[in-house]
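Trainee:
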Amino acid sequence: MNKKRVSMNYKQYKQLFEEILANLYPVPPYNEDLYLEYTKLNRSRMRRWDKLLELDENLVSLLRKITTPQHWIIITEPWCGDAAHTVPFLIRMTEQTGYVSYDIQLRDSEPFLIENYLTNGSRSIPKLIVQDASGYDSFNWGPRPKGAQELMDEMKANHADFETIKIALQNWYNKDKGVSLCSELAMLLSIR
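Numbering (this note's numbering), first residue to last: 11 to 202.
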């Protein structure tokens with residue numbers, strides 16, 4: 011079923027952060043201080059990754075070998091910490107070939123595309139959906155690299171509080187520097 015989607019490019023997505031943070035009367039959930047703080051942190055994280063990220067050479071080679079059109083849909087939200095560490099990498103990947111187009115869609119806005127890509131029954135983001143030229147899904151990835159997910163699962167099993175989990179994941183992403191994400195996507199792209 012092909013519903014009309016509201017989508018944006020990376021520049022528009024980053025502009026959304028600015029609009030949220032400048033709004034004197036933000037819409038929910040950004041009317042809560044915690045969500046505004048997440049958005050501010052994530053804007054900073056994305057800016058840092060935009061400047062410093064490096065893609066794995068094997069992945070770049072695979073991306074440059076793509077010879078048929080693909081469309082990538084990235085489902086995210088400005089408040090999502092995992093997304094701040096992955097969306098800049100995904101966008102940089104699309105820039106490596108003229109055959110990959112993309113759009114960014116918000117999880118919490120209609121048409122709620124995330125409902126078709128639940129992770130263990132939850133609306134976890136970010137989510138990457140890779141479609142072929144006909145609009146059929148080739149694969150989807152997300153919400154976080156395997157190592158980060160294992161860390162999250164372990165901490166939840168040990169009943170860690172949200173702040174502890176948040177800091178541990180931030181440290182994981184900073185140490186990993188996108189290597190796991192690049193490796194996982196290289197594997198998914200190489201088997202297509």
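Yeah, the Cβ is synthetic: ideal placement off N, Cα and C, and Gly gets one too.
For W182, collect the residues of the same chain with a Cβ closer than 7 Å to its Cβ; drop the 5 residues on either side in sequence, then sort them by chain order.
Mentor: G157, A158 and L161.
Trainee: In whole angstroms, give me the CA-to-CA distance for S132 and D163.
Mentor: So the alpha carbons of these two residues sit roughly 14 Å apart.
Trainee: What is the rounded straight-line gap between the Cα of R74 and the Cα of T107?
Mentor: The straight-line gap from Cα to Cα measures roughly 5 Å.
Trainee: Using CA coordinates, which residue listed in L116, S111, V97 and L72 is at the minimum distance from E87?
Mentor: When only C-alpha atoms are compared, the closest one is L116.
Trainee: For N68 and L34, what's the separation of their Cα atoms in angstroms?
Mentor: N68 and L34: Cα-Cα distance of roughly 46 Å.
Trainee: Please list, in chain order, all residues of the same chain as A167 whose beta carbon is under 8 Å from its beta carbon, the five residues on each side excluded.
Mentor: Correct list: empty, nothing qualifies.
Trainee: Secondary structure at D147, three-state DSSP: helix, strand or coil?
Mentor: Residue state, collapsed to three classes: strand.
Trainee: Please state whether the Cβ-Cβ distance between P79 and A178 is less than 8 Å.
Mentor: In this structure, A178 does not lie closer than 8 Å to P79 by Cβ.
Trainee: If we count Cβ pairs, one from each stretch, closer than 8 Å, do we get three or more for the region 56–66 versus the region 92–110?
Mentor: Touching, yes.
Trainee: Under a Cβ-count criterion, where at least 16 other Cβ atoms within 10 Å of its own Cβ denotes burial, should P153 be classed as buried or exposed?
Mentor: With 16 or more Cβ atoms within 10 Å of its Cβ, P153 is classed as buried.
Trainee: In the structure shown, what three-state DSSP assignment does T129 receive?
Mentor: Here T129 sits in strand by DSSP.
Trainee: With DSSP as the reference, label I135 as helix, strand or coil.
Mentor: Coil.
Trainee: Using only the alpha-carbon positions, how far apart do I175 and L44 sit?
Mentor: Spanning the two alpha carbons is a distance of roughly 16 Å.
Trainee: Among L128, H81 and P121, which residue has its Cα nearest to the Cα of S148?
Mentor: Taking only the C-alpha atoms, the option nearest S148 is H81.
Trainee: For the alpha helix (DSSP H) holding V16, just list the boundary residues, first then last.
Mentor: Looking at the DSSP string, V16 is not in any alpha helix (DSSP H), and its letter there is neither H nor E.
Trainee: State the start and end residues of the unbroken alpha helix (DSSP H) segment that holds D113.
Mentor: Counting along the chain, D113 falls outside any alpha helix (DSSP H), though it belongs to the beta strand (DSSP E) covering V110 to L116.
Trainee: I think R53 touches F27, with their Cβ atoms under 8 Å apart; what is that distance to the nearest whole Å?
Mentor: 4 Å between Cβ atoms; contact.
Trainee: Roughly how far, in whole angstroms, is the beta-carbon of L46 from the beta-carbon of P36, given that I think they are within contact range, below 8 Å?
Mentor: With a Cβ gap of about 7 Å, L46 and P36 count as contacting.
Trainee: Grouping DSSP H, G and I as helix and E and B as strand, with all else coil, what is M11?
Mentor: Bear in mind that a pLDDT of 31 at M11, under 50, signals an unreliable position, so the model cannot answer this.
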